[in-house]
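In this note's numbering, the protein residues as written are 568 to 877.
Below is one structure; the comments refer to it alone.
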Ligand code: NDP
Ligand code: OXD
């Protein structure tokens, strides 16, 4: 009944300590530790080597993702068939992402970059900005992360709308959904925030055609996935003035290559996929709760729908 762990970025010691405390009855093993692969029933992973799960673990029952996004896992053509993937839903991700979205929405809203440029040039000049109720913010995705960010933005009194796959009713948020909802959502959005999963339906969505439907000079924040955006189109939209600024936490190639022109663009803010990081303590509590459900003969929560891709 072993759980196998793989991540190049999450600390094994932290996760092992927390999981041992929460579910001492489940033996833990690191990916490269010697052991009986046939005893492995659970895997807890971030970006494992492709094809390996199927090749090594014949009795795998559940794949738990260390991240909320499961696109890299689902993209593996050799992902074991019929083994459910469970995504990470936990508090540290929610709190971290809401901090990131509030920070960068306020920076765009208050034109903070221009004020900082002025400081460097020793220019004393007021820049008047509308107040939050007169700033129309649009959230693409209103799930675990977008939902909490929407609550924070409405608490700051922004005029918030959402765009989702299925219809959603959220207090204080104007809801749009589906392909027919996209154009009216974009037409009213001055700060666009992408918190979508990367799926067949969302790949390349943040493109020239989409930016053209925003009011001129709109700001963009993408903390969903790099595959949502066409990077050349972002640069072109910044050059033409269709976008005023872009804040990007995610990229089609990560780490972002040193020669990528986004690095040095004066109106691009780059963060290294650290908008929100899974917490070892809070994440392990969630995984443990799900493992206990499985041991009790129940289904874990937050199983990914393979057809929807999230
Ligand atoms: P959820 O699955 O909880 O929510 C996804 C949201 O996206 C839902 O509102 C869903 O609509 C909407 N959506 C999905 N497909 C479409 C579509 N085709 N058209 C319109 N809306 C769509 O995801 P989370 O909120 O937990 O996370 C979102 C993404 O954030 C993750 O998939 C991951 O890629 C990224 N992420 C980034 C991090 C970072 O540090 N940068 C950290 C963690 C996650 P509906 O409500 O109708 O289902
Ligand atoms: C992600 C995560 O999905 O870090 O990006 O959880």
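Glycine is no exception: its CB is placed at the ideal position from the N, C-alpha and C atoms.
No experiment lies behind these values; they were computed from the predicted model shown.
Cβ neighbour criterion (16 or more within 10 Å) applied to residue i
| i | result |
| --- | --- |
| residue 841 | exposed |
| residue 585 | buried |
| residue 789 | buried |
| residue 698 | exposed |
| residue 730 | buried |
| residue 824 | exposed |
| residue 830 | exposed |
| residue 653 | buried |
| residue 668 | buried |
| residue 638 | buried |
| residue 764 | buried |
| residue 599 | exposed |
| residue 715 | buried |
| residue 769 | buried |
| residue 814 | buried |
| residue 531 | The chain is shown from 568 up to 877; residue 531 falls before or after that span and cannot be answered. |
| residue 582 | buried |
| residue 690 | exposed |
| residue 632 | buried |
| residue 736 | exposed |
| residue 593 | buried |
| residue 796 | buried |
| residue 622 | exposed |
| residue 792 | buried |
| residue 724 | exposed |
Three-state class that DSSP yields for residue i in the structure shown
| i | result |
| --- | --- |
| residue 835 | strand |
| residue 840 | coil |
| residue 858 | helix |
| residue 711 | helix |
| residue 609 | strand |
| residue 815 | strand |
| residue 677 | coil |
| residue 668 | helix |
| residue 759 | strand |
| residue 726 | strand |
| residue 810 | strand |
| residue 703 | strand |
| residue 773 | strand |
| residue 721 | helix |
| residue 661 | helix |
| residue 739 | coil |
Range covered by the alpha helix (DSSP H) that runs through residue i
| i | result |
| --- | --- |
| residue 638 | 638 to 641 |
| residue 752 | 745 to 754 |
| residue 800 | 798 to 807 |
| residue 821 | Run containing residue 821: none; DSSP gives neither H nor E here. |
| residue 579 | 579 to 589 |
| residue 619 | 619 to 623 |
Span of the beta strand (DSSP E), counted from its first residue to its last, around residue i
| i | result |
| --- | --- |
| residue 632 | 629 to 632 |
| residue 789 | 785 to 789 |
| residue 572 | 569 to 573 |
| residue 595 | 595 to 597 |
request  = Let me have the residue list for the ligand OXD: C-beta closer than 6 angstroms to any non-hydrogen atom, ordered along the chain.
outcome  = Counting only residues whose CB is nearer than 6 angstroms to a non-hydrogen atom of the ligand OXD, the list in chain order is 634, 635, 636, 655, 660, 845.
query = Does the segment 850 to 870 touch the segment 580 to 598, meaning 3 or more C-beta pairs lie closer than 8 angstroms?
reply = Below 8 angstroms, enough C-beta pairs join the segment 580 to 598 and the segment 850 to 870 to call them touching: three or more.
query = So does the segment 756 to 771 actually touch the segment 703 to 717, counting three or more Cβ pairs closer than 8 angstroms?
reply = Contact between the segment 756 to 771 and the segment 703 to 717 is present: three or more C-beta pairs spanning the two stretches fall below 8 angstroms.
ask   = Any chance the segment 672 to 685 sits against the segment 625 to 645, with 3 or more Cβ pairs inside 8 angstroms?
value = No: the two stretches stay apart, fewer than three of their Cβ pairs being nearer than 8 angstroms.
key: Stretch pair the segment 764 to 775 + the segment 718 to 729: three plus CB contacts closer than 8 angstroms   = At 8 angstroms Cβ cutoff, the stretches do not touch.
ask   = Hey, is the segment 601 to 609 in contact with the segment 621 to 638, meaning 3+ C-beta pairs nearer than 8 angstroms?
value = Verdict: yes, contact present.
inquiry  = Quick test of the definition: if touching needs 3 or more C-beta pairs under 8 angstroms, does the segment 610 to 619 touch the segment 572 to 583?
reply    = Yes: the two stretches touch, three or more of their Cβ pairs being nearer than 8 angstroms.
key: Segment contact flag, the segment 801 to 814 with the segment 831 to 839, C-beta cutoff 8 angstroms, min 3 pairs   = Two segments are said to touch when three or more pairs of C-beta atoms, one from each, lie closer than 8 angstroms; by this definition the segment 801 to 814 touches the segment 831 to 839.
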